[in-house]
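A.B. asks: Would you mind keeping the following structure in view while I ask a few things?
Chains as they are written, first to last, in the working numbering: chain P, 1 to 456; chain H, 1001 to 1482.
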């Protein structure tokens, strides 16, 4: 029996007496007896805390990837995390509070979210941001639904094929409730960028929005400015989607490039990959669209004595007031993750973030050059950030076997794009050691050698 | 002591960095073309030191009430103790550092944990299959209704309407609208319940599902649920249960036995994962076998001795998000279930219901109880008895803050005027409940003797009542450099 419930038999007896019940069973009288008779939960008995720890440690130890050299990105990124970030995340005062309905005793959470909104707006280069969405993919889907609220008469959603396939799938799922919406795919060109000419050729006056990955799923700094201009020329909204937000410390901001709504997955900023979640969706837009924006928002105000304070605001967009006419059904945010992001971005700050982005850019390009020299040439030649695609058919074919030896050289893109069979999406960040990089280069060189010999 | 603390953007000094960033390798590489470069040199981001950042956030943390530091009787939110050992579990490097796209063979421990959690939730619900993908309760509602939609589309007609009782959760209508359904409200009777007759009156072939919260937001078990499910099924509809209040039902009644076809859980409520100031949570969905083929991809499947992800599900509704769900939250919920076991979960429910009934008994002579029907894990009072003193629900909530308690959920459910919805959970001791009851009784006394003092509350918090009208009228949603 855990210590989570503090009741002694004497407590229970005294409480039952106050209630006027003979037994706890009596309290369940409103539930029909046939239901109660079948309700035993068929699960093993509980454990002690040391037994639980041992069981969890054994499960965690079976995840062998943590000892390996792993060059995976594709939507989740390995970065070093300052110790202060996790220390702050562990604070029970933050972790065990809930949605700040009582602002007088929730100023810690509220001020943190206000700071998070500011970080998000600055990085995405737009005027306002919300208090966060579940993750980058659901944020992208909510951005498309928001576009529909801004432009209710329009129905065609143009999705770049170079947008992360899981994000495209999530958008398609969210559109099931809008049966008249039509999804069209924009192909990518031989350089790995969205084919804006194809978009211009196809998009007409029923275009709702154009959604582009920035950088896209190939790590390529996509042609966001051109795509946004094409969207605006037909009266549609431009939506940018960033899976690796560290890139935004180096590349032109989505807002400056013309995005009307910019979303991103924030996991890179101080949150561990954690097998894909929790992350946090960043969401920003123009001030003029703020009342069409989904999600919670924190605003600044003053208290009865004139001191600055923060509250949840613009609630008239939300479900408890608007019911089925709300801008979204999301009624929370990723509160604790926004704290992690705010702490991380505070620590790195203006200089550290720029330096880290530069380090990632250089580290990835250095590895790309070395791989090209040993027989794993780049597939695309457009500029990239810290991820890139190389042709490495032998490594892609032997992916699982290599992993068994402790090297995951990237993601075999043929699983997502049939036309890219034999290509690997390789991610290099500041977290990769020189020894891991040597191992990657040597292994891909050895695997490429027979191919080169055959060609000669 | 309540130290002041500016925004982090108002701190620091130009050129200061709070964390040393590793240097780039020396290899010469082609620079990013100028026209693609960031335009503003990141102007506005803070330049602060490590201790400054630590101090900033620790000071902010002290401005929060939290479930770990004080009783937090927020109704419908199940603010139970969040075990510390679960925090350690989620941070084991084998879980936290695991990349979601590694080959399945390298993630067998994670997959086994997820499979065990799916099985445990199936066992608690009496349903057949589970998806762990949704990131929150409302995300689970969205998935559940998409499953309903897929089921009907597969039978030739998506149908048009969803029935939602007046006592349901606030997000339910918005979730239905998101799936393209219109909402028909089912009225509650004088006891606070919906009846099979009321559902039958609203039911026809255009209804895709009844979306019922059980126990409802009054804390009342829907006594006719089995007959109600029969009514819905007879016209080809499905029954969706909002499982936010599962803390009242574990080991006492299984939704699968009630006729429920699909439901969502809130792991951050029933299964002890921290609420995080609003998230991250997790909202897994459980379904009857007839709906399993529509569950989202990827699915966890067993190949011999090993677990694997499969995208092979032609009727799946798609995916709701990236990767597999909020894994770090799922680890915590698994740890909670493993620690308590089936018996422990049932005991948690029994004591949660005892605690709620105890508070109800302690307060009912002083505060107005709008529905006398026996309640389970929470109870709803109103401010009616204090109205002659011009003291209202909001004032009671704010005065509780002065006594060191977070407030109950207020003005919800909407079917009760001036509602005060109290959910103590099982992890609170009798002494804490007694202290809370004493504060509530004291406030009722103060309402008679010094109502202005109650209306001016809170008095002892760092910040007084905030001007919410001003915040909404001229929204300031971010810091800007002066």
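Ideal placement from N, C-alpha and C gives every residue a C-beta, glycine not left out.
Counting only Cβ pairs nearer than 7 Å, list the residues of chain H close to residue 501 (chain P).
C.D. replies: Nothing about residue 501 (chain P) can be read from this structure; chain P reaches only from 1 to 456.
A.B. asks: Do residue 1219 (chain H) and residue 1380 (chain H) have their C-beta atoms closer together than 9 Å?
C.D. replies: Result yes, Cβ atoms of residue 1219 (chain H) and residue 1380 (chain H) sit closer than 9 Å.
A.B. asks: Please name the residue, chosen from P:262, P:341, P:200 and P:181, that lies closest to residue 234 (chain P) on a Cα-to-Cα basis.
C.D. replies: Taking only the C-alpha atoms, the option nearest residue 234 (chain P) is P:200.
A.B. asks: For residue 1316 (chain H), which option in P:153, P:176 and P:245 has the closest C-alpha, if you only look at C-alpha atoms?
C.D. replies: Per the Cα distances, P:176.
A.B. asks: Just to confirm, are residue 459 (chain P) and residue 167 (chain P) a CB contact at a threshold of 9 Å?
C.D. replies: As displayed, chain P neither begins before 1 nor continues past 456, which places residue 459 (chain P) out of reach and without an answer.
A.B. asks: Please classify residue 15 (chain P): does DSSP put it in a helix, a strand, or coil?
C.D. replies: Three-state result, residue 15 (chain P): helix.
A.B. asks: Confirm, please, whether the CB-CB distance from residue 1293 (chain H) to residue 1313 (chain H) is below 9 Å.
C.D. replies: In this structure, residue 1293 (chain H) lies closer than 9 Å to residue 1313 (chain H) by Cβ.
A.B. asks: Check whether the Cβ of residue 1427 (chain H) lies closer than 9 Å to any Cβ atom in chain P.
C.D. replies: Closer than 9 Å to some Cβ of chain P, the Cβ of residue 1427 (chain H) qualifies, so yes.
A.B. asks: Beta-carbon within less than 8 Å of residue 1345 (chain H)'s beta-carbon, same chain only, minus the 5 sequence neighbours each way: which residues are those?
C.D. replies: Excluding residues within five positions, the ones whose Cβ falls inside 8 Å are 1124, 1250, 1251 and 1337.
A.B. asks: For residue 1324 (chain H), name the three-state secondary structure that DSSP assigns.
C.D. replies: Residue 1324 (chain H): coil per DSSP, three-state reduction.
A.B. asks: Do you know offhand how far residue 1001 (chain H)'s Cα is from residue 1059 (chain H)'s?
C.D. replies: Model confidence at residue 1001 (chain H) stands at a pLDDT of 45, short of 50, so the residue's coordinates are unreliable and nothing is read from them.
A.B. asks: Starting from the beta carbon of residue 158 (chain P), find every residue of chain H whose beta carbon is closer than 7 Å, and list them in chain order.
C.D. replies: What residue 158 (chain P) touches in chain H: nothing, since even the nearest Cβ is about 19 Å away.
A.B. asks: So which residues on chain P does residue 1208 (chain H) lean against when the C-beta distance must stay under 7 Å?
C.D. replies: By Cβ distance, chain P contributes nothing, its closest Cβ being about 12 Å from residue 1208 (chain H), past 7 Å.
A.B. asks: Compare the Cα-Cα distances from residue 182 (chain P) to each of P:159, P:291 and P:192 and report the closest residue.
C.D. replies: Looking at the Cα atoms, P:159 is the closest of the given residues.
A.B. asks: Expressed to the nearest angstrom, what Euclidean distance is found between the alpha-carbon atoms of residue 1424 (chain H) and residue 97 (chain P)?
C.D. replies: The straight-line gap from Cα to Cα measures roughly 15 Å.
A.B. asks: What separation, rounded to the nearest whole angstrom, lies between the Cα atoms of residue 66 (chain P) and residue 349 (chain P)?
C.D. replies: Near 29 Å, if we compare the C-alpha coordinates of residue 349 (chain P) and residue 66 (chain P).
A.B. asks: Counting only beta-carbon separations shorter than 9 Å, does residue 361 (chain P) have a partner in chain B?
C.D. replies: The structure shown contains no chain B; its protein chains are P and H.
A.B. asks: With 9 Å as the threshold, decide whether the Cβ of residue 447 (chain P) is near any Cβ in chain H.
C.D. replies: Output row for residue 447 (chain P): interface = no.
A.B. asks: Below 8 Å between beta carbons is the criterion; list the residues of the region 68-95 of chain P that meet it against any residue of chain H, in chain order.
C.D. replies: Listed by position along the chain: 68, 70, 72, 74, 75, 76, 78, 80, 82, 84, 86, 87, 88, 90, 91, 92, 93, 94 and 95.
A.B. asks: Specify the secondary structure class of residue 1389 (chain H) as computed by DSSP and reduced to three states.
C.D. replies: Looking at residue 1389 (chain H) - three-state DSSP - the assignment turns out to be helix.
A.B. asks: Just to confirm the assignment, what range does the beta strand (DSSP E) spanning residue 1300 (chain H) have?
C.D. replies: It spans 1299-1303 - the beta strand (DSSP E) in which residue 1300 (chain H) sits, taken as one unbroken run.
A.B. asks: Entirely within the region 93-144 of chain P and at least 3 residues each: give me those beta strand (DSSP E) ranges in chain order.
C.D. replies: Fully enclosed beta strand (DSSP E) runs of 3 or longer: not present.
A.B. asks: CA-CA distance, residue 36 (chain P) and residue 1224 (chain H)?
C.D. replies: Distance between the alpha carbons of residue 36 (chain P) and residue 1224 (chain H): 14 Å.
A.B. asks: For chain H, find out if any of its Cβ atoms is closer than 9 Å to the Cβ of residue 456 (chain P); answer yes or no.
C.D. replies: Per-residue confidence for residue 456 (chain P) stands at a pLDDT of 47, beneath the threshold of 50, marking its modelled position as unreliable; the derived number appears in the next sentence. No - not a single Cβ of chain H is within 9 Å of the one on residue 456 (chain P).
A.B. asks: Within 9 Å (strictly less), CB to CB, does residue 1247 (chain H) reach chain P?
C.D. replies: Judged by the 9 Å Cβ criterion, residue 1247 (chain H) is not in contact with chain P.
A.B. asks: By DSSP, does residue 202 (chain P) sit in helix, in strand, or in coil?
C.D. replies: Residue 202 (chain P) falls in the helix class under three-state DSSP.
A.B. asks: In this structure, does DSSP put residue 210 (chain P) in helix, strand or coil?
C.D. replies: Here residue 210 (chain P) sits in strand by DSSP.
A.B. asks: So what does DSSP say about residue 1449 (chain H), is it helix, strand or coil?
C.D. replies: Of the three classes helix, strand and coil, the one that applies to residue 1449 (chain H) here is helix, per DSSP.
A.B. asks: 9 Å is my cut-off, CB to CB: does residue 101 (chain P) come that close to chain H?
C.D. replies: It does; some Cβ of chain H falls within 9 Å.
A.B. asks: Taking 8 Å as the limit between beta carbons, can you name the residues of its chain near residue 1010 (chain H), skipping five residues before and five after?
C.D. replies: Correct list, in chain order: 1479.
A.B. asks: Just verifying my parser: in three-state terms, what is the DSSP assignment at residue 218 (chain P)?
C.D. replies: Looking at residue 218 (chain P) - three-state DSSP - the assignment turns out to be coil, as it is neither helix nor strand.
A.B. asks: How about residue 289 (chain P): is its C-beta nearer than 9 Å to some C-beta of chain H?
C.D. replies: So no, residue 289 (chain P) is outside the interface.
A.B. asks: Among H:1213, H:1050, H:1039 and H:1024, whose alpha-carbon lies nearest the alpha-carbon of residue 346 (chain P)?
C.D. replies: When each option's Cα is compared against that of residue 346 (chain P), the closest is H:1050.
A.B. asks: Pick out the complete beta strand (DSSP E) segments inside the region 253-299 of chain P, 3 residues or longer, and give them in chain order.
C.D. replies: Those beta strand (DSSP E) runs which fall completely within the region 253-299 of chain P and span 3+ residues are 261-265 and 281-285.
A.B. asks: Relative to chain H, which residues along the region 267-299 of chain P have a C-beta separation below 8 Å, given in chain order?
C.D. replies: So the close ones are 272, 273, 274, 275, 276, 277, 278, 279, 280, 290, 296, 297, 298 and 299.
A.B. asks: Give me the Cβ distance between residue 1420 (chain H) and residue 1390 (chain H), rounded to the nearest whole Å; I'm assuming they're in contact under 8 Å.
C.D. replies: Contact doesn't hold; Cβ gap of about 17 Å is too wide.
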